[in-house]
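Remarks on the structure that follows.
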Amino acid sequence: MPLTGGSLAYAVGFSVNKEALQDTPDFNQINDNVFGGIRQAAVNASRTSSGVFGELSIPFHKNVEAQVAARYDNISNVGNKTSPKVAIRYQPLPSLMLRASYAESFLAPTLKQMFGGQEAGAQTTEDKKLCSAFPIISDACDPFSYSRVSGSNLNLKPETGKTFNFGVVIEPISAVSIGVDYFRINKKNEIGKPSVFQALKNGHFGVVNGEAQIYMTNQNMASTDVEGFDIDLRYKTGSTPLGKITVRNTTTWYTKTNSQEIAGEEMGKYLGTFANPKYRNVITASLDNDEWNATASVRTVGGMIDFASSLDNIPPGTRFIPAHSELDVMGQYTGLKNLTFTGGVKNLMGKMPPYSDMGTLGQYGSGGFAQLYSPRGRYLYVGLNYKFY
Numbered sequence: 003m004p005l006t007g008g009s010l011a012y013a014v015g016f017s018v019n020k021e022a023l024q025d026t027p028d029f030n031q032i033n034d035n036v037f038g039g040i041r042q043a044a045v046n047a048s049r050t051s052s053g054v055f056g057e058l059s060i061p062f063h064k065n066v067e068a069q070v071a072a073r074y075d076n077i078s079n080v081g082n083k084t085s086p087k088v089a090i091r092y093q094p095l096p097s098l099m100l101r102a103s104y105a106e107s108f109l110a111p112t113l114k115q116m117f118g119g120q121e122a123g124a125q126t127t128e129d130k131k132l133c134s135a136f137p138i139i140s141d142a143c144d145p146f147s148y149s150r151v152s153g154s155n156l157n158l159k160p161e162t163g164k165t166f167n168f169g170v171v172i173e174p175i176s177a178v179s180i181g182v183d184y185f186r187i188n189k190k191n192e193i194g195k196p197s198v199f200q201a202l203k204n205g206h207f208g209v210v211n212g213e214a215q216i217y218m219t220n221q222n223m224a225s226t227d228v229e230g231f232d233i234d235l236r237y238k239t240g241s242t243p244l245g246k247i248t249v250r251n252t253t254t255w256y257t258k259t260n261s262q263e264i265a266g267e268e269m270g271k272y273l274g275t276f277a278n279p280k281y282r283n284v285i286t287a288s289l290d291n292d293e294w295n296a297t298a299s300v301r302t303v304g305g306m307i308d309f310a311s312s313l314d315n316i317p318p319g320t321r322f323i324p325a326h327s328e329l330d331v332m333g334q335y336t337g338l339k340n341l342t343f344t345g346g347v348k349n350l351m352g353k354m355p356p357y358s359d360m361g362t363l364g365q366y367g368s369g370g371f372a373q374l375y376s377p378r379g380r381y382l383y384v385g386l387n388y389k390f391y
């Protein structure tokens, strides 16, 4: 269908998926006969999911284009959901473009999160607050023994999200491009594992056969509001004796990271705390020739307070994790027909990420480093791709 700005375009599709999960621990694990082990449960679950989706591109005018899309999903044991998206692009000048979009999304809990069985592990504590939750059996708190029950939850709901973007792209000259996009992301019903004290606060504990148990199974517990800016700066040359040179810097700068750890609580401010840096940055320089190209990138994660709590609850004097940068290099050669050779080094200088007190805690499982980093160090890779057509 022709319009003023061009032809109407559309795309439609569907998907059908089948998932299955089976895990059969041995008799001793199921019956808690392994000393120092964790009692486990057998799992045998499956589900089917289907979806239909469509997208429509509407060029109202040569300078105005809109996109409308929607997806409908139906997942057994979870339910159904329709996720819409609308976007518009307006280019009043060759050197200026405005764009905006709104989208809704959802993420179904995985089979493991819903049906993956539950595990129980013995713990001891001398924490008076924890002991006081079991006055019948905790006469003494030196130490007090209890079991932490974690794992799946059949009653989980899908996570949902809403995303809004508004941006502008300016090209003052042909070699320079400047893009700035504001984004706002709202997520609800985020699935997580509550801490011991969050479980106690919500009454998820009890006494079974004389044993104190705290239930830390997966819960829809969190909501998150994130706002910030994506900044994209590019400079590219024409042909030079060596090839075409491109320098690009991309920055994500967060202005708001608020989270509600438990439904019903007030939103806490987490910007700049553990795993919530204020910015991330990647600067890349590349050289492209007809047969080969080379790229060098510096990835940077901003610093953060080494404490996983809202800003209002951080103790005075808490240490600060400094910003961390790593250098990557990569090259590619395509001079032979149908063959592409690729090679590079991640973290060329072999820099180890900064130490984190929070990263030593078992719940983060990151071996003394913040979750955002990899302790792998320098990593060399090579690749060969051959096309048979």
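3 is the number of the first residue of the sequence shown in our numbering; add one for each residue after it.
Heads up, the beta-carbon is just placed ideally off N, CA and C, and yes, glycines get one too.
As the structure is a prediction and not an experimental result, all values here were calculated from the model.
Under three-state DSSP, which class holds residue i?
i: Leu-202; result: helix
i: Met-116; result: helix
i: Lys-64; result: coil
i: Arg-380; result: coil
i: Asn-315; result: helix
i: Met-354; result: coil
i: Lys-131; result: helix
Where residue i and residue j are concerned, what is the direct C-alpha to C-alpha distance, given to the nearest angstrom?
i: Val-347; j: Ala-296; result: 12 Å
i: Gln-221; j: Pro-27; result: 24 Å
i: Asp-183; j: Gln-200; result: 36 Å
i: Ser-52; j: Asn-76; result: 5 Å
i: Ser-103; j: Leu-374; result: 28 Å
i: Ser-376; j: Pro-355; result: 7 Å
i: Ser-261; j: Ser-107; result: 18 Å
i: Ile-264; j: Tyr-272; result: 14 Å
i: Ser-149; j: Gln-215; result: 5 Å
i: Lys-195; j: Ser-152; result: 8 Å
i: Arg-91; j: Ala-325; result: 36 Å
i: Asp-290; j: Met-269; result: 48 Å
i: Gly-367; j: Phe-390; result: Confidence is the limiting factor: at Gly-367 the pLDDT is only 48, short of 50, which leaves the residue's position unreliable and the question unanswerable from this model.
i: Gly-160; j: Pro-96; result: The residue you asked about is not Gly; residue 160 is Pro in the sequence shown. For Pro-160 and Pro-96, the distance between alpha carbons rounds to 43 Å.
Output yes or no for whether 8 Å exceeds the beta carbon distance between residue i and residue j.
i: Thr-320; j: Phe-309; result: yes
i: Gln-93; j: Leu-158; result: no
i: Ala-177; j: Tyr-237; result: yes
i: Thr-165; j: Ile-187; result: yes
i: Ser-288; j: Thr-248; result: yes
i: Gly-117; j: Ser-154; result: Inspection of the sequence shows that residue 117 is occupied by Phe rather than by Gly. In contact: Phe-117 and Ser-154 (Cβ atoms closer than 8 Å).
i: Tyr-392; j: Asn-349; result: Residue 392 lies beyond the range of the chain shown here (3 to 391); nothing can be said about it.
i: Phe-345; j: Trp-294; result: Reading off the sequence shown, one finds Gly at residue 345, where the question assumed Phe. In this structure, Trp-294 does not lie closer than 8 Å to Gly-345 by Cβ.
i: Val-45; j: Leu-23; result: yes
i: Gly-430; j: Arg-282; result: This structure leaves residue 430 out entirely; the chain is present only between 3 and 391.
i: Ala-68; j: Pro-86; result: no
Beta strand (DSSP E) runs wholly inside the segment 216 to 304, at least 3 long, in chain order: 221 to 241, 246 to 262, 281 to 290, 294 to 303
Alpha helix (DSSP H) runs contained entirely in the segment 74 to 110, provided each spans 4 or more residues: If we require 4 residues or more, the segment 74 to 110 turns out to have no alpha helix (DSSP H) run fully inside it.
Meets three-Cβ-pair contact criterion under 8 Å: the segment 127 to 135 and the segment 63 to 73: no
Every unbroken alpha helix (DSSP H) inside the segment 148 to 203 [4 residues or more]: 198 to 203
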